[in-house]
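In full-length UniProt numbering, the protein residues as written are 1 to 60.
Take a look at the structure set out below.
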C-alpha cells in the first residue's frame, strides 16, 4: 500500500523541489554516514543542484 503521505511541498514552478532535511536524510542513508561533514556536503550539493536548475530556468 503506497497511500501514505511522504512529504508536503509548496506549489512552485521549480523543477527541483527537495526539502533540505529530506535530501540530507537520503544522502546520509545512501552513504551510511551520519557525520556532520556528510550533512554539510549534502546541504552544499542541494544548493548547487538548485542553483543549476534555477540557471536553466532563467535561460528559457
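Ideal placement from N, C-alpha and C gives every residue a C-beta, glycine not left out.
Tell me whether residue i is buried or exposed, calling it buried when 16 or more other Cβ atoms sit within 10 Å of its Cβ.
i	result
residue 42	buried
Roughly how many angstroms separate the alpha carbons of residue i and residue j, rounded to a whole number?
i	j	result
residue 31	residue 23	12 Å
residue 7	residue 25	13 Å
residue 58	residue 51	10 Å
residue 14	residue 55	11 Å
Just to confirm my understanding: we take residue i, look at its own chain, exclude 5 residues before and 5 after, and list those with CB closer than 7 Å. What are they?
i	result
residue 18	46
residue 49	16
Residues in the same chain with beta-carbon distance under 8 Å from residue i, minus the five sequence neighbours each way, listed in chain order, please.
i	result
residue 28	34, 38, 39, 42
residue 53	14, 15, 16
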